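Position 351 of the sequence shown, counting from 1, maps to 351 under UniProt numbering, and the rest follow consecutively. For every residue, glycine included, the Cβ atom is placed at its ideal position computed from N, Cα and C. It should be emphasised that the depicted structure is a prediction, and the values quoted were computed from it without experimental measurement.
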Amino acid sequence: MQRNGIYFGMLPDWNFYGPQEVTRVFGTPVSIIGDYIYVTKADSSLSQIYYHTPVLKQFAANTVYAPAIIPGDGVGSANFTQDMANALANSFLTLNNAGITVWCRFAYEFNGYWNIYGQQPSSFKESWKMLYSAVKQAGAAQTYFLWSPNVWTGDINDPLNGYTTYYPGDDMVDLCGLSFYFFGDSSQTENILPSSDTFSGALQSFYDEYHTGHNKPIVISESSSPYHYDQPAGFVSSGNDTEIALKYQNASGLTPAGGGAGQLQIKQSWLEELTGATTATLFPGLVAVSWFNLFKDRNNQLMDFRAIYGDNATETYFRTTLGTSSGQPSGGLPSSATRLCSHIVLWALAIVPVLYMRLNV
1 MQRNGIYFGM LPDWNFYGPQ EVTRVFGTPV SIIGDYIYVT KADSSLSQIY YHTPVLKQFA
61 ANTVYAPAII PGDGVGSANF TQDMANALAN SFLTLNNAGI TVWCRFAYEF NGYWNIYGQQ
121 PSSFKESWKM LYSAVKQAGA AQTYFLWSPN VWTGDINDPL NGYTTYYPGD DMVDLCGLSF
181 YFFGDSSQTE NILPSSDTFS GALQSFYDEY HTGHNKPIVI SESSSPYHYD QPAGFVSSGN
241 DTEIALKYQN ASGLTPAGGG AGQLQIKQSW LEELTGATTA TLFPGLVAVS WFNLFKDRNN
301 QLMDFRAIYG DNATETYFRT TLGTSSGQPS GGLPSSATRL CSHIVLWALA IVPVLYMRLN
361 V
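Okay, structure coming up:
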């Protein structure tokens, strides 16, 4: 799936509408399927990767799997160990052997103070090198390394917030990406339209450094322009920056926050900035964009990042702009029965090979 030569991917909400549901809406698979994978010293089983593998295999011919690997104890050899690196390398090899291409986005947004591993350039590069070496030694030839900070509009050489101090070197990076969201006004609480150069103005320095300077393909690793809603009366938060429970996933009865711009206006404008003809001309090295398709409780608001399975008009625009004529309106969330059956099938597909291996050791 692409627009103006820029491939389009999605970070789906695997709990409610995973890759199969996304494909049904668009009528064709997205080009990138995102995921978030935790690995810690206490648990390096990577069970989520193996749980998702049966689904990923269905789309292997058309889609890249791009997991954001989250080192939950931090970076540096005391926190991210060789055993953890080896476990990841072996999981990537398993995926590659199943025909699945992997873009490994290790310790994403590493220049962000909000991450346990954030703003530690030396330790980050040490752990990156360890994982890169483990993957190469494992022979996972269809695994590529996507180096991906959070967008920064200041000096790219800023030692903590910038980019350059974290770069591991051309020999250990295959693609360079950014997390790049448009959150509205400066307080990130109001619904306003982006200016026509919001995206291009902030991307330029990164693009100049890593595409023009280092000849790397550029990826927007995750992006959206979330629509802000007031929290409804009686809303019980699960914590800041958490996924919203099923009962609130239908946003039709919620009250928009201030600012005045509509959801379709905002997301249509942002998609145009990400994948429009002007962007494709300005940045020919921009190869792909992935849309973050979740609904979250954040900053005492409900923030709808979704392009599909949310606002109907927005979904129609994305479906008709990016999809094919065989795409179908989502009609809201998949039914509970459909989700349950899907989870049971995935569990069965994931557990049978494990049982087989145990019985045949």
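Does DSSP put residue i in a helix, in a strand, or in coil?
{"i": "I33", "result": "strand"}
{"i": "P226", "result": "coil"}
{"i": "E243", "result": "strand"}
{"i": "G18", "result": "coil"}
{"i": "D83", "result": "helix"}
{"i": "I218", "result": "strand"}
{"i": "T63", "result": "coil"}
{"i": "residue 374", "result": "Past the edges of the chain, shown from 1 to 361, lies residue 374, and the structure says nothing about it."}
{"i": "T324", "result": "coil"}
{"i": "I100", "result": "coil"}
{"i": "I308", "result": "coil"}
{"i": "L46", "result": "coil"}
{"i": "S123", "result": "helix"}
{"i": "residue 375", "result": "Within the shown structure, residues of the chain are numbered from 1 to 361, placing residue 375 beyond reach of any answer."}
{"i": "F318", "result": "helix"}
{"i": "F235", "result": "coil"}
{"i": "S330", "result": "coil"}
{"i": "Y51", "result": "helix"}
{"i": "N111", "result": "coil"}
{"i": "S91", "result": "helix"}
{"i": "A78", "result": "coil"}
{"i": "I116", "result": "coil"}
Under a Cβ-count criterion, where at least 16 other Cβ atoms within 10 Å of its own Cβ denotes burial, should residue i be classed as buried or exposed?
{"i": "D83", "result": "exposed"}
{"i": "I220", "result": "buried"}
{"i": "Q116", "result": "Residue identity check: residue 116 is Ile in the sequence provided, not Gln. Exposed."}
{"i": "W114", "result": "exposed"}
{"i": "L340", "result": "Because L340 sits at a pLDDT of 42, beneath the cut-off of 50, its placement in the model cannot be relied upon, and the following sentence gives the value as read from the coordinates. The residue is exposed, with fewer than 16 neighbouring Cβ atoms inside 10 Å."}
{"i": "residue 363", "result": "Any property of residue 363 remains undetermined from this structure, which presents the chain solely from 1 to 361."}
{"i": "D304", "result": "buried"}
{"i": "D297", "result": "buried"}
{"i": "H214", "result": "exposed"}
{"i": "K136", "result": "exposed"}
{"i": "Q120", "result": "buried"}
{"i": "Q249", "result": "buried"}
{"i": "K247", "result": "exposed"}
{"i": "S179", "result": "buried"}
{"i": "Q263", "result": "buried"}
{"i": "P67", "result": "buried"}
{"i": "A107", "result": "buried"}
{"i": "N96", "result": "buried"}
{"i": "P159", "result": "exposed"}
{"i": "N111", "result": "buried"}
{"i": "D241", "result": "exposed"}
{"i": "P284", "result": "exposed"}
{"i": "D13", "result": "buried"}
{"i": "G323", "result": "buried"}
{"i": "S123", "result": "buried"}
{"i": "T23", "result": "buried"}
{"i": "G162", "result": "buried"}
{"i": "G169", "result": "exposed"}
{"i": "N360", "result": "Confidence in N360 is poor, its pLDDT being 31 and thus under 50, which makes the residue's placement too unreliable to answer from."}
According to DSSP, residue i sits in a beta bridge with which residue or residues?
{"i": "D297", "result": "T242 and L302"}
{"i": "P71", "result": "V39"}
{"i": "L11", "result": "F292"}
{"i": "residue 435", "result": "Given a span of 1 to 361 for the chain in the structure shown, any question on residue 435 remains unanswerable."}
{"i": "F106", "result": "I69"}
Report the CB separation of residue i from residue j in whole angstroms; it is logged as a contact under 8 Å.
{"i": "V25", "j": "Q268", "result": "That pair is no contact at about 17 Å."}
{"i": "S133", "j": "V75", "result": "Not really, about 15 Å apart at Cβ, beyond 8 Å."}
{"i": "Y229", "j": "L302", "result": "4 Å"}
{"i": "G18", "j": "V55", "result": "6 Å"}
{"i": "T275", "j": "R3", "result": "4 Å"}
{"i": "A140", "j": "F92", "result": "4 Å"}
{"i": "G9", "j": "S31", "result": "5 Å"}
{"i": "I69", "j": "R105", "result": "7 Å"}
{"i": "W270", "j": "P194", "result": "6 Å"}
{"i": "I6", "j": "A280", "result": "6 Å"}
{"i": "V39", "j": "A87", "result": "7 Å"}
{"i": "L11", "j": "S290", "result": "6 Å"}
{"i": "G259", "j": "N191", "result": "4 Å"}
{"i": "A202", "j": "T153", "result": "5 Å"}
Beta strand (DSSP E) runs contained entirely in the stretch 237-293, provided each spans 3 or more residues: The DSSP assignment places 286-292 as complete runs of the beta strand (DSSP E) inside the stretch 237-293, in order along the chain (cut-off: 3 residues).
Contiguous beta strand (DSSP E) assignments of at least 3 residues, all confined to the stretch 127-204: Correct list: 143-147 and 175-179.
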